[in-house]
Structure formats: structure tokens, C-alpha cells
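These notes concern the structure reproduced below.
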Amino acid sequence: MTQKTSSDEIDLMELLAKLYRTVKRNILIFIILPAIGVIIALWLAYNSSDKFSSSMMITTNLLSANEARFIFDELGRADSIPGLTKDEENKLLVMNFEVQQDNIDEKEAIRNIYVKATAVVTDPSIFPALEKTIVGYLNSVDPLVETRRDRELFYKQMIQKIDSEIASMDQIKKQTDSRVMASYIDPSDLYAKTVELFKERTENEIQLRDIETVHVTKGFGTLMKDAKLPKILVALSGFGVGLLLAIVLMFVKFFNDYNRALKLD
559 MTQKTSSDEI
569 DLMELLAKLY
579 RTVKRNILIF
589 IILPAIGVII
599 ALWLAYNSSD
609 KFSSSMMITT
619 NLLSANEARF
629 IFDELGRADS
639 IPGLTKDEEN
649 KLLVMNFEVQ
659 QDNIDEKEAI
669 RNIYVKATAV
679 VTDPSIFPAL
689 EKTIVGYLNS
699 VDPLVETRRD
709 RELFYKQMIQ
719 KIDSEIASMD
729 QIKKQTDSRV
739 MASYIDPSDL
749 YAKTVELFKE
759 RTENEIQLRD
769 IETVHVTKGF
779 GTLMKDAKLP
789 KILVALSGFG
799 VGLLLAIVLM
809 FVKFFNDYNR
819 ALKLD
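Residue numbers (my numbering): 559 to 823.
Shown next as C-alpha cells:
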């Protein structure tokens, strides 16, 4: 048993020694291939087209989170974005969407949905068209159109009813005998209720105006960044590929020589 273990250790040391001699004899390959890898990687990086990345944020309360995720998942998987020209599509390399929702009480009826769209393009001049296309597409989807129509009807009816109530209160306030009016209603309560109704009417007008379109919190084209890899990372990648190729070649050569030696034995 001891003799067998000693023999195995000798074989292993002999194998490592042969591997070391193989590497030493071909040390130029471990220098040349990584250097070639660095040169090719940098050449490709300098001669590749420019890439620019930017993000936009869309806000709406006309969709649920699940509806928004489904819509933008489908749009992200589509072959093209409806509304873009062929030339604009060719300049768009990557488009990703991320949907988030306000973290508020479950009892709230209306929640804001935030959609972050990130695009990588070869020409930043297409960002305005891309932004307009995405907003236009979202404004045209059926769930959003239906919700907008229902909310529009609700807010208009609410405003109409509030106007009627305010007009009635104005008629009461115009009565000539204020002492008669005070006998069945407190004037201060009447004025306070009028102010409250005006506030409610204004809020409904704002909501009615807001449902006309989704809101662009931040558009494309601002805070752009270069999407190409830094040159140092490109060089390291080329070096790693060249070194890996050198190791593979050396192992192939080493094991071929080792197999031939075994056959001779």
C-alpha cells in the first residue's frame, strides 16, 4: 500500500514537472495571445458605434399595477414599438421597462403607477420621438382609455353638482333679511361650506385635467450616459480571453505529448 501511494505521488510530481516544462517552452504564447486579445478588444471598442443610455419616468393613476406590468411586458417583448420609423427602430438597441406603485394604504381608491423606461440607442436624436411614441402608445391602450372615460364622466358630474350647490348657497346669502336667514342657518357655517365646496370643485377640475394624458416626470435625452464599456474593462476582457485561449492550447499540446509518451512506454 505504501509503495503504491509513493508511486502515485511520483507520477503526479512528474506530471506537474512536464506541465511546467511545457509552459516554459511556450512562454511566448502566454505573452502573445493575451496581447493580441487586448489589441483586438480595443480595436473593436474604438471602431464600434457609439451607444447612449437614458431613462424616462411616466406617472399615471389610470392603470393598476398588474395592467401596467402586462402592457409594458408585452411592449418590451414586441419586435418593434408601434409608431417608430424603420430608421428609428434600427437606432434603438435595448428598451427595458420597470413598473412601480405607490406604497400607500389599501383603502385608497386611486394609486399612482410609475413606469421607468430605459433605452440604449446609437443616436440620441431619436430620444424625443421615442418618448412621444411611448406616451402615445400608453394613452391609446384600452384599459387606460376606458378608465379615463369613466373618470371624466364622474368628475364632470361632480363639478356640475357642486356648481348647483354653490349657486343655491349664493341665493341664500343674497336674501335681504339676514336675521331671517340666521334663524334657520348659521351664516358662518354657510360661508365655510361654500369655501369647502369651492375647494372640492377645484380638486375635481385638477383631476379632470390630469386624466387627459399620462405625465412624463422625466423625459429621455436628459442625464444621458455613455453605454459603452470603459476601455480598461474592454482591455481586461481581451486579456482574459487571450490568456484562456493560451491555457487551452497548452493543455491540448501537453496532453497530446503525454498520451504519445504513454503509448511509447
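We treat Cβ as the ideally placed atom computed from N, Cα and C, and that holds for glycine.
DSSP puts residue i in a beta bridge; with which residues?
i: A675; result: M614, F655
i: V774; result: I616
i: K783; result: S611
i: L650; result: V679
Measure the C-alpha to C-alpha separation of residue i and residue j and round it to an integer number of angstroms.
i: I805; j: L574; result: 15 Å
i: F797; j: V596; result: 5 Å
i: F756; j: F610; result: 48 Å
i: Y604; j: A593; result: 17 Å
i: D660; j: I692; result: 21 Å
i: F588; j: T775; result: 53 Å
i: G779; j: S612; result: 6 Å
i: E723; j: N762; result: 15 Å
i: Y695; j: L621; result: 14 Å
i: L586; j: T580; result: 11 Å
i: G777; j: A677; result: 11 Å
i: S670; j: N619; result: It is worth fixing the name first, because residue 670 is Asn in this sequence and not Ser. Computed Cα separation, rounded: 4 Å.
Contact defined as beta carbons within less than 8 Å: I believe residue i pairs with residue j. What is the distance between those atoms, to the nearest angstrom?
i: K714; j: L766; result: 7 Å
i: V792; j: L633; result: In fact, because the Cβ distance is near 32 Å, the residues do not count as touching under 8 Å.
i: A687; j: M614; result: Not a contact, Cβ separation roughly 12 Å.
i: E770; j: P701; result: Actually they do not touch by this definition, with Cβ atoms about 17 Å apart.
Quick one: is residue i buried, meaning 16 or more other Cβ sit within 10 Å of its Cβ, or exposed?
i: N814; result: exposed
i: M571; result: exposed
i: V703; result: exposed
i: R818; result: exposed
i: V652; result: exposed
i: K783; result: exposed
i: E647; result: exposed
i: K649; result: buried
i: P640; result: exposed
i: E689; result: buried
i: F809; result: exposed
i: T643; result: exposed
i: R583; result: exposed
Does the ligand HEM have even one heavy atom less than 7 Å from the beta-carbon of residue i?
i: V799; result: Among the components of this structure there are no ligands whatsoever, and the ligand HEM is therefore not found.
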